[in-house]
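One structure is given here, and the rest of the page talks about it.
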Amino acid sequence: MDIAFWIISGITVLGALLAVTLRNLVHCVLSLILFFLGIASHYFLLRADFIGAVQILIYIGAVAVLILFAIMLTRNVTGTEGPRETLGVKWWAGSIIAGTMAAMLTWAIRGDQISQTLPGGDKATTSVAEIGRGFIGDWVVPFEIMAVLLTAALIGAVVIALEEVMKRR
Amino acid sequence: METIYQLIVASFAGKPAWMPLAIAIAVPIVFVLGVFLTIFAYTTLVERKALGRVQNRYGPNRVGRWGILQPLADGVKLLIKEDIVPRSADKFTHFLAPVMAVIPSLLLFAIVPVGPGLVPVNLNIGILFAFAISTASVLALFMGGWASRNKFSLLGAVRAVAQVVSYEVPMVLAAVAVVMAAGSLSTLDIVKAQSGGTAEIGGWFVFQPWGFVGFVLFAIGAMAEAARTPFDIPEAESEIIAGYHTEYSGFKFALFQMGEYLAAIAMAGVTVTMFLGGYLGPGCNLPYVGILISMFWFFLKLGAMIALNIWIRGTWPRVRVDQLMGFAWKVLLPMSILNIVVVGLVRFMPNVVVGWIVAAVILFLAFVVLIKFSASQSIEKRTYRYAS
Amino acid sequence: MSDLARQQWLIPFLPLVAAAIQSVLPRGQRKLSAGLCLLAMGASCVLAVRAFLATLGHHEPVREVANFTWFEFGNTSLQMGFILDPLTAGMAVMVTFVGFWIFVNATGYMHEDENFTRFFCFLSLFAAAMLGLVVSNNLLMLFMSWELVGLCSYLLIGFWFFKPSAAAAMKKAFITTRIGDVGFFLGILMLYWKSGTLNLYDNGHGALEQAGALANLAGWWGLSAATTIAVLLFIGAMGKSAQFPLHVWLPDAMEGPTPVSALIHAATMVAAGVFMVGRMFPVFAAGGSPEHPTFAMNMVMWVGCFTAVFSATIAVAQWDIKRVLAYSTCSQLGFMMMALGAGGLVPGQFHLLTHAFFKALLFLGSGCVIIGTHHEQDMRKMGGLKKYMPITFWCYLIGMLALAGVPPFAGFFSKDEVLLQTFHRSKIAWGLATFAAFLTAFYMTRQMYMVFAGKWRGGDHGYGHGHHEPHEVPWNMWLPIAVLSVFALALGFFGTPLIGGNLFHHYLGVEEEMPEGGVGIVMGCSILVGALGVLLGWMVYGRKQMEHATDPDPLESPLWRVLNNKWYVDEFYEATIIRLTMTCGMMFRLFDKLVVDGILHTIVWLTKAISQIFRWVGDELIINGGFDAGCESVRGSGALFSKLQSGRVRDYFAFLGVGTIVLLTVYFLKQ
Amino acid sequence: MTIPLGHYLILAGILFAIGLGGALTRKNAIIVLIAIEVMFNAGILNLIAFWHYGHYASLTAQMFAIFAISIAAAESAIGLALVIAVYRHYKSVDVDEMKSLKG
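Shown next, in the form of structure tokens:
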């Protein structure tokens, strides 16, 4: 299974890199989907099946599609960005900050004891029923708050996006 | 009940570990590719014949007796046709889209049990996996439409995305009702939850009021997800030529068609599993032959669902875009949410008969109200914003 | 009895419900809105009276509390609670009763306003907040109500927010009281820090019950903890009760509708400060004795005394009928504070009660006058109203006599007690207060003559409502003032030694012996100055009436003009504090831009930039010296550097990233 | 499987840095949102990795992951609605042009 980790990690990192560097917006989203798939595969590999399925359902099924819609609605139909961004000060600054952060995080994690932890044997995955019981058990309050949050987000998104329609009337 | 995987592992006890694994991986793949691709091929033929009869003509009848070799001929024809890629197209995405269209559809078969234990993978998140995968299929349509650099293609793609996202919601909610009743997401468990009853038929969820409503909702949603008539506005030829696959030809076009049909068949299989008792039927519990009988029942039901699809396609007019969206959000969604509530309600009814009656009354009233409500909306005179 | 304490929450709750309902009423539902408001207030009043009656007839002072836990985090829990003791019961009755009649009056006053329901919604909320403040047995809850009161006053003062002056006044009131609230909040925090609880009474564990212990702890500035807390709390009370130097908002608050003025100046908001000091009285007094009072007590007394005189002088030279009353309120609040500071909880609270009645009466009366004269507030354009508005006149006269301290009206007795208490503490303060009492009598007489005597001068101007004659107000406006005038007449007797030995003292049950002696001198002096004030008022304004609205004041003089301009306090603030704050704000802004921006550029650049600013700031402050020039140039450089704050999300993102890296670096270096 | 926990943590760290770099270097608001999603996912991956290597029976990590995913979904919905609204106003999705809040 080690090889699976390396392959999936490679795909994930590649997807992430392409998603933030490609020039074409739609290509970015497609790379992002690749990244999401990689992450979902990691979840499956880590035996968190439910989270993996949720990842695919929400991120690929909803978020990525939403981003595609946003691209279409901002009239940038071909997905190309405007004039080429120069590799200016900001680009270098950003890259250096990100690179430094990656290096430091790696260094920090490598130096820590916990990073050597190995999984303790093959364990059964958490069943969906347990998660469901968690939702209406210990986690019922966060769950309800999440419901309220999502409703608020729904209404908010509708209100923000509907502005023009209201004006037109 | 063991799954096929466990059976294989058991029969290879003592052999090197890779052997049962390889067999367990190979058998379902071969089975899915062999059986379901054949079903796909002949579905196209049956569909063309049936549509022909509906439209008072013969349909294909030249290649082989009753046109029985027609799919083969179609395949050969499409394979040897020129593969045209528009000059301004986004080459890579244009190439990737048809492939992407087929993969999720094939993956869907991984969780459809065709007999007791006969499921490629018995995931404990089975149904959720199906939805997760089927949403991914929409990306292929979008990629194809967008990469073609054709405004009709793009319109078709955007329509497809909007439609699939909209119909996904009531479909998932209809499935939630089933999951609640069965107490599991696993497809095998869902089928098992429907066993019992008269001749292994009475336990099917479709015979419950909420099950029937869920079945209808799910079937409609599945049809819309696969973009089949009457929900085929993403490829409505009278409006936007052929939608997202306008710029496709040859085998890429065939792959798109294949993806669509496979998705429709797979969703029909999921529908059968969830509402029509899957492989259950009289005699499915018999020793030894039970597996064959249950497979027979499964494919019979699958065939019936496909036939229903074709029948609807042949007889219903295409809906308008606004009707399509309005129907999903104003009728299907409230109905499916109510359905979930009713499933919960039925559990607390004193006995089965009372629960049945209460559920039927509630759902019927809701249906009448919703239809009346949406009908009064759709009668209003159409206004044109840009045309006079 | 304990049930009653547990039901205390109903008293603020009913107006709160009324406010909540009214907030969703459509504009047209005026009758429903007013009805709800009155119903809630009346019901609260009944409840308050019930609680009040329950506290009567006990030998020992009654004190019932009902505490409950609001929420917990870890081992710490925040509690809330309600209290029923004589102080609360008396206040609650006063607030609900006076408030009820103010509401009745408001139905008439706001009759023509199209935002009638909004007004009543705010009024109800205001009453609810005030009652919450009164019944709470917890400083946190008291503070929350306190802030709510502030918010409501903000909303009500600026009720006619379309008037720029009202909008300015609402901001002024809010910000000024806010300054005091900072002190209040610090006091609360310190109290919690030192005593570990915010409950006032809690079976011996409450903050007030620990006041003695607090007096032995060290606080700040070399004071004991109790005194430090008391000083901080008093700063809050200064803001709320408009004590010098935070009094400036109160006169401006006259921009609000008159019932609001009555509510703010009589029953509620300004009373909150005095009530709070009275409520926290053990903390103020802890560690002192009548001979050697604590610093907090002295501070309260002298601030009160100064405010009393200071505001009274300003009131002498005002034209606006409501402003006179406003400064008079400041002055009377000073009296109350002075009494509290002199160690007299009972006189202070008693004066608060009586003052609430007659000041509400006066304000509502002035509201009647304003309505009767078609929204005229300038006393120069009134005159001769006795003929047109007899009922208002008689009620107003009672209120005026009560305020002027003429026996046997309520104000006389309560003020007399205040003066007596002060007399025993400090002769100087007593002298000043007596002078303030004299001024009070004088300016009230002046107002009476200007408004009600002589001939009608309003016809001089041909705009507004035209040449309409003044008219008497409808019954729902004069009834409240008639009722209140009965109380203004009679209430004083409850606090006098004349009948059965000072009932109010006995009721509040404070174990303080009223110092013997001096009663004759004090009472004689106050009667004398009252009479003198009235006499002088008659001599200056009564003998020769103003003929025209444009006539100058008979006392026109440089000093008078200073008074008319309120000792130029507002201008002083404008020139000092506000400008200083603006400058500080500029400098902070400058600092902000620099820190935020500098990160993207090299450290050298950053160093150069900072040194540049320091040079600029130093330059301007040292060389130019003048505030004006300094302010200008700082503003200029601020504008220059503000361009560097890009407003771009990306830059901020970069700062976040850099910050994280810095944190990680620190983490490594520490290992 | 002999992959130690550190590998997952480093992977998540690298992904996070990639997201951060994207958010810093790109001007298009939609890509900034994409980059933020990448960072989100890196964080959630950490949760699941700790769950797998740590207290397996506990639901906490999965619950947190689900909540984080929900929040991310809500965030992206709002974010994209904002992008669309901003686009209507400025006719651009360049984050460098959205600087009305500058000092």
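Protein chains in written order, with the working numbering: chain A, 360 to 528; chain B, 74 to 461; chain C, 30 to 700; chain D, 101 to 203.
Beta carbons are placed, not taken as given, at the ideal position from N, Cα and C, and that holds for glycine.
Spatially closest choice to residue 149/B from 326/B, 349/B, 413/B, by CA coordinates: Here the closest residue by C-alpha is 326/B.
Under the three-state DSSP convention, the category residue 703/C falls into: This structure cannot speak to residue 703/C, because chain C is shown only from 30 to 700.
Interface flag, residue 431/A vs chain C, CB-CB below 8 Å: Residue 431/A does not count as touching chain C.
Buried/exposed call for residue 317/B, threshold 16 Cβ in 10 Å: buried
Chain-order list of residues whose beta-carbon lies under 6 Å from that of residue 463/B (same chain, five-residue window excluded): Residue 463/B is absent from the model: chain B starts at 74 and stops at 461.
Residue nearest to residue 453/C in terms of C-alpha spacing, selected from 275/C, 292/C, 549/C: 549/C
Residue-chain proximity (residue 683/C, chain A), Cβ-Cβ < 8 Å: yes
Closer than 8 Å to chain A by CB, residue 382/B: Not an interface residue.
8 Å Cβ cutoff, residue 379/A in contact with chain D: yes
Own chain residues within Cβ distance below 7 Å of residue 203/B, not counting five before or after: 181, 184, 343
Beta-carbon proximity check, residue 264/B vs residue 352/B, cutoff 8 Å: yes
In chain order, each alpha helix (DSSP H) run of at least 4 residues that lies wholly inside the region 398-438 of chain C: 414-417, 419-433
Contacts of residue 686/C in chain D (Cβ-Cβ under 8 Å): The answer, in chain order, is 120, 124.
Assigned secondary structure, residue 194/D (DSSP; H/G/I helix, E/B strand, else coil): strand
Beta-bridge pairing of residue 167/C - partner residues as DSSP gives them: 228/C
Range covered by the beta strand (DSSP E) that runs through residue 112/C: Following the DSSP letters along the chain, one finds residue 112/C inside the beta strand (DSSP E) bounded by residues 105-113.
Any C-beta of chain D under 8 Å from that of residue 679/C: yes
9 Å Cβ cut-off: residues of chain C touching residue 193/D: Residues of chain C passing the Cβ test: none, with the nearest at roughly 12 Å.
C-beta neighbour in chain A for residue 143/D, strict 8 Å: no
Closest Cα partner of residue 476/C within the set 406/C, 112/C, 385/C: 406/C
Burial state of residue 494/C, where buried means 16 or more other Cβ atoms lie within 10 Å: Reliability of the predicted coordinates at residue 494/C is poor, the pLDDT of 49 falling under 50, and the value obtained from them is presented with this limitation in mind. Burial is judged here by how many other beta carbons sit within 10 angstroms of a residue's own beta carbon; residue 494/C has fewer than 16 and is exposed.
Selected residue, minimal CA-CA separation from residue 380/A, among 498/A, 511/A, 453/A: 453/A
Span separating the alpha-carbon of residue 225/C from that of residue 236/C: 8 Å
Assigned exposure category for residue 613/C - 16 Cβ within 10 Å defines buried: exposed
Sheet register partners of residue 324/C (DSSP bridge): None, per the DSSP bridge assignment.
Contacts that residue 487/A makes with chain B (C-beta to C-beta distance below 7 Å): 197, 198, 258
Contacts around residue 265/C, its chain only, beta-carbon distance under 6 Å, and the 5 residues preceding and following it disregarded: 209, 210, 212, 213
Residue 701/C at chain A interface by Cβ criterion, 8 Å: For chain C, the structure presents residues 30 to 700; residue 701/C sits outside this window and is missing.
Distance, residue 169/C Cα to residue 448/A Cα: 52 Å
Bounding residues of the alpha helix (DSSP H) (the contiguous stretch that carries residue 102/D): It is not in any alpha helix (DSSP H) - residue 102/D carries neither H nor E in the DSSP assignment.
Test: residue 693/C CB closer than 8 Å to a CB of chain A: yes
Separation of residue 84/B from residue 98/B, as counted between CA atoms: 15 Å
Three or more C-beta pairs below 8 Å linking the region 188-195 of chain B and the region 353-364 of chain B: yes
Residue 289/C versus residue 189/C - alpha carbon distance: 12 Å
Length of the line joining the Cα atoms of residue 384/C and residue 440/C: Each residue's alpha carbon lies about 7 Å from the other.
Where residue 284/C falls: helix, strand or coil (DSSP): helix
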